[in-house]
Amino acid sequence: MSCPVVPPVAFRQIWSRAHSGVVRMVSMLSISGIAIGVAALLLLDAFMNGFQGSIMDFLSMANPALIVTAPGGGCLTGRDVDLVRALAASTPGLGSVSPYLEKAAVASGEGGSVAGILVRAVDPVAERGVSSLSEGLPASGSEAVLGSELAARLSVLEGDSIRIASTETVDITSSGHAVVDTIVSVRVAGVRDFGLAEYNSGLAVVSLGTAGALYGTTGRFSAAGVSLDPGADAVESSAALSASLRSEYVDSRYDRFMEAEAFLTRHENLFRAFGLERFGMTVVLALITVVALLNLSSALAMIALEHRRDTGVLRAMGATPGHILGIGFLQGLILGVSGCLAGSAFAALAILAVNRLVPLHLEDSVYWVDTLVARVDPGTWLLTMGATIAACLAASALPAASALSVPPAECVRHE
Amino acid sequence: MSDAPALSCRGIRKSYRESGAVLEVLRGIDFEAAPGEIVAVTGPSGSGKSTLLNILGVLEPPDSGSVLIGGIDAWLSPEGGRAALRNRRLGFVFQFHHLMEEFTVLENVAIPLLIAGRAKAEAEEAASAILREVGLEGLTGRFPSKISGGERQRAAMARALVARPDVVLADEPTGNLDPVNGERLRDLIGQLAHDHGQAFVLATHSAVLAAGSDRAYRLASGLLIREG
Ligand SMILES: Nc1ncnc2c1ncn2[C@@H]1O[C@H](COP(=O)(O)OP(=O)(O)O)[C@@H](O)[C@H]1O
Ligand SMILES: [Mg+2]
Chain G
1 MSCPVVPPVA
11 FRQIWSRAHS
21 GVVRMVSMLS
31 ISGIAIGVAA
41 LLLLDAFMNG
51 FQGSIMDFLS
61 MANPALIVTA
71 PGGGCLTGRD
81 VDLVRALAAS
91 TPGLGSVSPY
101 LEKAAVASGE
111 GGSVAGILVR
121 AVDPVAERGV
131 SSLSEGLPAS
141 GSEAVLGSEL
151 AARLSVLEGD
161 SIRIASTETV
171 DITSSGHAVV
181 DTIVSVRVAG
191 VRDFGLAEYN
201 SGLAVVSLGT
211 AGALYGTTGR
221 FSAAGVSLDP
231 GADAVESSAA
241 LSASLRSEYV
251 DSRYDRFMEA
261 EAFLTRHENL
271 FRAFGLERFG
281 MTVVLALITV
291 VALLNLSSAL
301 AMIALEHRRD
311 TGVLRAMGAT
321 PGHILGIGFL
331 QGLILGVSGC
341 LAGSAFAALA
351 ILAVNRLVPL
361 HLEDSVYWVD
371 TLVARVDPGT
381 WLLTMGATIA
391 ACLAASALPA
401 ASALSVPPAE
411 CVRHE
Chain Y
1001 MSDAPALSCR
1011 GIRKSYRESG
1021 AVLEVLRGID
1031 FEAAPGEIVA
1041 VTGPSGSGKS
1051 TLLNILGVLE
1061 PPDSGSVLIG
1071 GIDAWLSPEG
1081 GRAALRNRRL
1091 GFVFQFHHLM
1101 EEFTVLENVA
1111 IPLLIAGRAK
1121 AEAEEAASAI
1131 LREVGLEGLT
1141 GRFPSKISGG
1151 ERQRAAMARA
1161 LVARPDVVLA
1171 DEPTGNLDPV
1181 NGERLRDLIG
1191 QLAHDHGQAF
1201 VLATHSAVLA
1211 AGSDRAYRLA
1221 SGLLIREG
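Sequences listed follow chains G and Y, in order.
Residue numbers for the first sequence follow my numbering, so the first one is 1 and each next one is one higher.
Residue numbers for the second sequence follow my numbering, so the first one is 1001 and each next one is one higher.
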């Protein structure tokens, strides 16, 4: 098969100007088909990666990788947090620990507009080790960082102040008025885009001191966030930490049962839905490639038919069946590789265009993330190309065999 | 020149079955050609000349009988062996030039050597030498569609000769040529047979071409009849 006659014959037959250029056109069409199929799969993969990745990034940027809670036991105490710190230090893959308190509240701006908010109270310094939430929040003082939409709803800007009322201790008087006993006034230290629409529309990040004043909860926390070392697996590390916490409790070294959970597993259903959607779309788009392969097969059969006489002549000159098959397979390979390269080039340009020149905006109330970016996974990219080329070779088998099936004497008899 | 035949066949029979009826085309052909000898086979259209040449050229199997090329029984050889015989021992000239349209004259002529596995440069060097011999040195870079009928047939002859085969089988090589070009091709064949000691088997209904042969047969009713 590797004979000096095979490549030139394969190439020239594909690009033949003879037969009124029909062969060349058919070759171009089948390359385009493969290119479209490959581009569709590559673009789907890149945009699904990008979409899923952005959501995952935003989720994990604004949240610690692991969250330790006390199931059924309410708040964590400072002692609990100290234990978590000690265990995290001795568990490989785990980083620093930062406790937080999360509670609902009502906020009002200077003009009187009111909004229900979620208060997240953190230690501004410790929180920097586990998430980006406390960015812009001074280490001390009665200040808050607000989500951008929330700030707009309250009509406040950085430097303005808002009033936050605890909803924990609301009494309804006999005349039906709500009496709120704790109200604190905080300065808006920053207005942030947290990346997630949910957070932008209702989150206020404050210091633990502010929360203490608001709720009277000094020394009590909803949970403790734990950061991960780069490269560590969230699920494995949370299992390891949970196991340590459990044995502390079961072996009676500690009197409280706590559990660690990877933050992203809270969104397991979301990622499972992504996976399912991606699988379905891949199957549908792979059908384009299947059609392109059928088209390739018929193009190759047509090229073989147009060159039936040449095949007979080649065999009369001593070409073996291996040479003839080699020509057929090489033609499939040439068209397949050209299609893959064209499809890749198109996909790469489209990705560059979307990522750099014309960003695609999404409705962020629907999708959480507001721009669609594409992320290329080189492994999947190569796999898509490799699988397509292999499929092209498989699609060449039948036409190659058909070229061989005509007896050479038949081919050379007629003009 | 040795007396061992370059090509011989014994008891070749061939019939075609077409819509129930059996057409006996060849009914026992014995024949041989010595090196340097020009043998002509004449006969009207449909008498079986092409069939005989295809069988001798190892392109089509006979129903019975044997074809010996350089002492090797071609139809007992495996597929690879038959391909090698076609490539090294035989040269074929078809009634229609059958040059490949996508290749230049030079490239067409070099193809048998490429099939033999020779490098491109070497093959094209040998091809231009043989093209000089058939008088086409000025047309090597042209495509077959850009040269005349006579030139095409000479290019086809060059292609059949380039691997220096022992036997050249030519099926009506002058069939589509005008008398002047026909005579030129006949002279060329005579000269080549003389220069290289190659055996030529010509199927033809041209009296001119048959007249230039060392031995002539007429194919009639599936049998060969010696004529001169
Ligand atoms: N593949 C075939 N099937 C059926 N009949 C054939 C086939 N090939 C040739 N023939 C018949 O065999 C006869 C001899 O044909 P051919 O050898 O081409 O004659 P010639 O070359 O002398 O004109 C013709 O009648 C032709 O129709
Ligand atoms: Mg004929």
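The C-beta atom is built at its ideal place from N, Cα and C for all residues, glycine as well.
Owing to the predicted nature of the structure, the values given are computational and were not obtained by experimental measurement.
Exercise. Can you pull the chain G residues whose beta carbon is under 8 Å from the beta carbon of Arg1086 (chain Y), in chain order?
Key: Arg315, Ala316, Met317, Gly318
Quiz prompt | Close Cβ partners of Gly1222 (chain Y) (< 7 Å) along its chain, the five nearest in sequence each way excluded | solution = Glu1024, Val1025, Leu1026, Arg1027, Gly1048
Quiz prompt | For Asp1214 (chain Y) and Leu1113 (chain Y), the rounded distance between their alpha carbons | solution = 29 Å
Exercise. Report the option in G:Arg246, G:Gly326, G:Leu87, G:Phe58 whose CA atom is closest to the CA atom of Phe194 (chain G).
Key: G:Phe58
Quiz item: Name the DSSP beta bridge partners of Val114 (chain G), please?
Solution: G:Ser108
Practice problem: Out of G:Val205, G:Glu135, G:Phe279, G:Ser237, state which residue places its alpha-carbon closest to the alpha-carbon of Thr265 (chain G). | Solution: G:Ser237
Exercise. May I have a chain-ordered list of the beta strand (DSSP E) segments no shorter than 3 residues that lie completely inside the region 209 to 284 of chain G?
Key: 223 to 228, 259 to 262
Self-check item: Contacting residues, own chain, Cβ-Cβ under 7 Å from Glu1124 (chain Y) (five flanking each side not counted)
Solution: Leu1106, Ala1110
Self-check item: Gly951 (chain Y) vs Asn1108 (chain Y) beta-carbon contact at 8 Å
Solution: Outside the displayed span of chain Y (1001 to 1228) sits residue 951 (chain Y), for which this structure offers no information.
Exercise. Taking 8 Å as the cut-off, decide whether the C-beta atoms of Arg220 (chain G) and Cys75 (chain G) are in contact.
Key: yes
Practice problem: Please confirm whether Gly190 (chain G) and Val130 (chain G) have their CB atoms less than 8 Å apart. | Solution: no
Quiz item: For Cys3 (chain G), which three-state DSSP category applies?
Solution: coil
Quiz item: Can you tell me the Cα-Cα spacing of Asp477 (chain G) and Gly37 (chain G), whole angstroms?
Solution: Residue 477 (chain G) lies beyond the range of chain G shown here (1 to 415); nothing can be said about it.
Quiz item: Any chance the region 1156 to 1163 of chain Y sits against the region 25 to 36 of chain G, with 3 or more Cβ pairs inside 8 Å?
Solution: no
Quiz item: Does ligand 2 have even one heavy atom less than 7 Å from the beta-carbon of Asp1171 (chain Y)?
Solution: yes
Quiz item: Where DSSP assigns a beta bridge to Ala144 (chain G), which residues make up the other side?
Solution: G:Val188, G:Val206
Quiz item: Does Ile1012 (chain Y) come within less than 8 Å of chain G when only Cβ atoms are used?
Solution: no
Exercise. Could you name the residues of chain G that Ser1050 (chain Y) contacts, counting a contact when the two beta carbons are closer than 7 Å?
Key: Arg413
Self-check item: Identity of the residue in Y:Gln1198, Y:Asp1195, Y:Ile1189 nearest Ala1211 (chain Y) by Cα
Solution: Y:Ile1189
Quiz item: Buried or exposed: where does His361 (chain G) fall if 16 or more other Cβ atoms within 10 Å of its Cβ makes it buried?
Solution: exposed
Quiz item: Got a sec: does ligand 2 put a non-hydrogen atom nearer than 7 Å to the Cβ of Gln1153 (chain Y)?
Solution: no
Quiz item: DSSP state of Phe1031 (chain Y), grouped into three classes?
Solution: strand
Quiz item: Less than 7 Å between the CB of Thr1051 (chain Y) and some heavy atom of ligand 1, yes or no?
Solution: yes
Quiz item: Can you tell me whether DSSP reads Ile80 (chain G) as helix, strand or coil?
Solution: Reading off the sequence, residue 80 (chain G) comes out as Asp, not Ile. If DSSP states are grouped into helix, strand and coil, Asp80 (chain G) belongs with the helices.
Quiz item: Just the Cα atoms here: how many angstroms apart are Leu42 (chain G) and Leu287 (chain G)?
Solution: 14 Å
Quiz item: For Phe11 (chain G) versus Leu372 (chain G), is the C-beta distance shorter than 8 Å?
Solution: no
Quiz prompt | Residues of the region 1201 to 1219 of chain Y whose Cβ lies closer than 9 Å to any Cβ of chain G, in chain order | solution = none
Quiz item: Quick one: Cα of Glu261 (chain G) to Cα of Val68 (chain G), how far?
Solution: 6 Å
Self-check item: Status (buried if at least 16 other CB within 10 Å, exposed otherwise) for Gln331 (chain G)
Solution: buried
Quiz prompt | Positions along the region 369 to 397 of chain G whose CB lies within less than 7 Å of some CB in chain Y | solution = none
Quiz item: Where Val1055 (chain Y) and Ala403 (chain G) are concerned, what is the direct C-alpha to C-alpha distance, given to the nearest angstrom?
Solution: Looking at the sequence shown, residue 1055 (chain Y) is not Val but Ile. Spanning the two alpha carbons is a distance of roughly 21 Å.
Quiz prompt | Span of the beta strand (DSSP E), counted from its first residue to its last, around Arg17 (chain G) | solution = Premise fails: Arg17 (chain G) is in no beta strand (DSSP E) and is neither H nor E.
Quiz item: Ala116 (chain G): which of G:Leu154, G:Arg85, G:Ala240 sits nearest, CA to CA?
Solution: The sequence given here places Gly at residue 116 (chain G); Ala does not occur at that position. Looking at the Cα atoms, G:Leu154 is the closest of the given residues.
Practice problem: Kindly identify the DSSP beta-bridge partner or partners of Arg163 (chain G). | Solution: G:Ser108, G:Ser185
Self-check item: Contact with chain G by Gly1065 (chain Y), beta-carbon distance below 8 Å
Solution: no
Quiz item: Does the distance from the C-beta atom of Val313 (chain G) to that of Ile389 (chain G) stay below 8 Å?
Solution: no
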